[in-house]
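For reference, the structure is listed below as structure tokens.
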Amino acid sequence: MTDHSHPATPGLAAATPAAPPPPPEPASADSLSTRNDRAGDILARTIYGEARGESVRGKEAVAAVVMNRVRRAREAGGAYWWGGTVEAVCQRPWQFSCWNAGDPNRAKIEAVDDGNRVFQTCRRIARRAVAGTLGDPTDGATHYHAKSVNPPWARGRAPSAEIGRHLFYNDVE
6 MTDHSHPATP GLAAATPAAP PPPPEPASAD SLSTRNDRAG DILARTIYGE
56 ARGESVRGKE AVAAVVMNRV RRAREAGGAY WWGGTVEAVC QRPWQFSCWN
106 AGDPNRAKIE AVDDGNRVFQ TCRRIARRAV AGTLGDPTDG ATHYHAKSVN
156 PPWARGRAPS AEIGRHLFYN DVE
């Protein structure tokens, strides 16, 4: 039986409500994996450049500083002077010296590969950090320095942790 309560106008298609636009495509597993792989690689190289001579806990502490900075940036709406992603935080000029042009560690972090056992450890730590499963032995530190130096920004501050040859601070913006 045909419904004639709404006869069609000759020459015009019957009006149908427009379908809502499809939701945006979520990031594919491949793109998330690639993004996490890049973040993990840069973080692993940062850990290697900054703490390859430290214990596993010392390496984890450096990773925690990076992740604490990323977290703080997210809490501030994604923007912070030190960057808002693992990559930006690690490679911000003058923050992690191993990335500075001319630093002797720069060539080392660029050349190291997965055949290096210490770098393998750094990669495992970085993967846990990026996945959000790494604990924080620094009590929220966003800064650290070697005990052998006394940078101006650390003067008058009490470290939140002392791990290996580094002092960590959670009260520096």
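If you're matching positions, the sequence shown starts at 6 in this note's numbering and goes up one per residue.
Even for Gly, the Cβ is constructed at its ideal location relative to N, Cα and C.
Only a predicted model underlies this, so the values are computations on that prediction, with no experimental measurement involved.
Contact check, residue i vs residue j, beta carbons under 8 Å
i    : j    : result
A166 : T143 : yes
N73  : T147 : yes
R101 : E55  : Just to set this straight, residue 101 is Phe in the shown sequence, not Arg. For F101 and E55, yes; Cβs fall inside 8 Å.
V91  : V67  : no
N110 : G145 : no
E44  : V135 : The displayed chain sequence assigns Ala, not Glu, to residue 44. Yes, the pair counts as a contact, with Cβ atoms nearer than the cut-off.
D141 : A69  : yes
E65  : I130 : yes
Helix, strand or coil at residue i according to DSSP, with G and I counted as helix
i    : result
F101 : coil
Y53  : helix
T166 : It is Ala, not Thr, that sits at residue 166 in the sequence shown. The answer is strand: DSSP assigns A166 an E or B state.
L139 : coil
A116 : helix
A151 : strand
T14  : Because the pLDDT at T14 is just 36, under 50, the model does not fix this residue reliably, and the value given afterwards should be weighed accordingly. Correct three-state label for T14: coil.
F173 : strand
R76  : helix
A146 : coil
R160 : coil
T90  : coil
E59  : coil
Nearest-angstrom Cβ-Cβ length linking residue i and residue j, presumed shorter than 8 Å
i    : j   : result
T126 : V71 : In fact, because the Cβ distance is near 16 Å, the residues do not count as touching under 8 Å.
G63  : R79 : Going by Cβ atoms, the distance from G63 to R79 rounds to 25 Å, so no, they are not a contact pair.
Of the residues the options, the one placed nearest residue i, counting alpha carbons only
i    : options                : result
I52  : Y85, W104, A78         : W104
R160 : I168, G169, Y149       : Y149
Q96  : G82, I114, E80, G83    : I114
D42  : V117, P164, R132, R162 : R132
A93  : L48, V117, G169        : L48
D46  : R128, Y85, G107, A84   : R128
P157 : D119, V177, P98, W86   : V177
R50  : D119, P164, A163       : D119
A151 : P98, W86, H171, A106   : H171
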